[in-house]
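3 is the number of the first residue of the sequence shown in our numbering; add one for each residue after it. Remarks on the structure that follows.
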Amino acid sequence: AGGGGKGMKVVEDVSQLAEALASAQREAQSSFGDSRMLVEKYLLKPRHVEIQVFADQHGHCLYLNERDCSIQRRHQKVVEEAPAPGLSPELRRAMGEAAVRSAQAIGYVGAGTVEFLLDARGEFFFMEMNT
Numbered sequence: 003a004g005g006g007g008k009g010m011k012v013v014e015d016v017s018q019l020a021e022a023l024a025s026a027q028r029e030a031q032s033s034f035g036d037s038r039m040l041v042e043k044y045l046l047k048p049r050h051v052e053i054q055v056f057a058d059q060h061g062h063c064l065y066l067n068e069r070d071c072s073i074q075r076r077h078q079k080v081v082e083e084a085p086a087p088g089l090s091p092e093l094r095r096a097m098g099e100a101a102v103r104s105a106q107a108i109g110y111v112g113a114g115t116v117e118f119l120l121d122a123r124g125e126f127f128f129m130e131m132n133t
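Spelled out as structure tokens, the structure:
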């Protein structure tokens, strides 16, 4: 449904978990009519890097260059910079190949965007795919 950060809660201590989960479930039910939750690792100040993919009906898929969408306001992108600054060629290639594998894993056909979070150590995590 596209929540733009709705219901996101950061839990820094296990004692906060039950209330944060209950609060997020209430907000999800109210906003989307569904209280199911997805719990993820919290990354402190990650970069938001997106990669465009194109896939055909024959299983061929390729990626284009990435863009950095880290400058956001209220979880909405304000600036998209391409190519993403400061990525090594190896990291750029690894992220592109991961984007292709993600699209192929679901049999995707068409143009889409695979989004990753990139931490300070250069480790990236799949966030979502928009079609």
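A virtual CB, placed ideally from N, CA and C, is assigned to each residue, including glycine. Predicted model only: the values in this text are computed from it and were never measured.
Could you say which of the options lies nearest to residue i if we only look at CA atoms?
| i | options | result |
| --- | --- | --- |
| L66 | I73, G35, F56, S72 | F56 |
| K43 | G35, A96, M10 | M10 |
| S37 | K47, K8, L45 | K8 |
| G109 | V41, T133, Q74, G35 | T133 |
Is residue j closer than 7 Å to residue i when the C-beta atoms are compared?
| i | j | result |
| --- | --- | --- |
| Q54 | T115 | yes |
| C63 | Q106 | yes |
| L120 | R28 | no |
| G112 | L93 | no |
When we look at the beta-carbon of residue i and count the other beta-carbons within 10 Å, is it buried (16 or more) or exposed?
| i | result |
| --- | --- |
| E52 | buried |
| E82 | exposed |
| F134 | The question about residue 134 has no answer here: the residues shown for the chain are numbered 3 through 133. |
| S33 | exposed |
| V16 | exposed |
My assumption, with CB atoms under 8 Å, is that residue i sits in contact with residue j. Please give the rounded CB distance.
| i | j | result |
| --- | --- | --- |
| A22 | M39 | So it is not a contact: roughly 10 Å between Cβ atoms. |
| A84 | E99 | The Cβ separation is near 18 Å, so there is no contact. |
| P131 | F118 | Note on residue identity: the sequence assigns Met, not Pro, to residue 131. Not quite, the Cβ-Cβ distance comes to about 10 Å (not below 8 Å), so this is no contact. |
Could you check if residue i belongs to the surroundings of the ligand NAP, using beta carbon to heavy atom distance under 6 Å?
| i | result |
| --- | --- |
| F118 | Among the ligands in the structure shown, none appear at all, so the ligand NAP cannot be discussed. |
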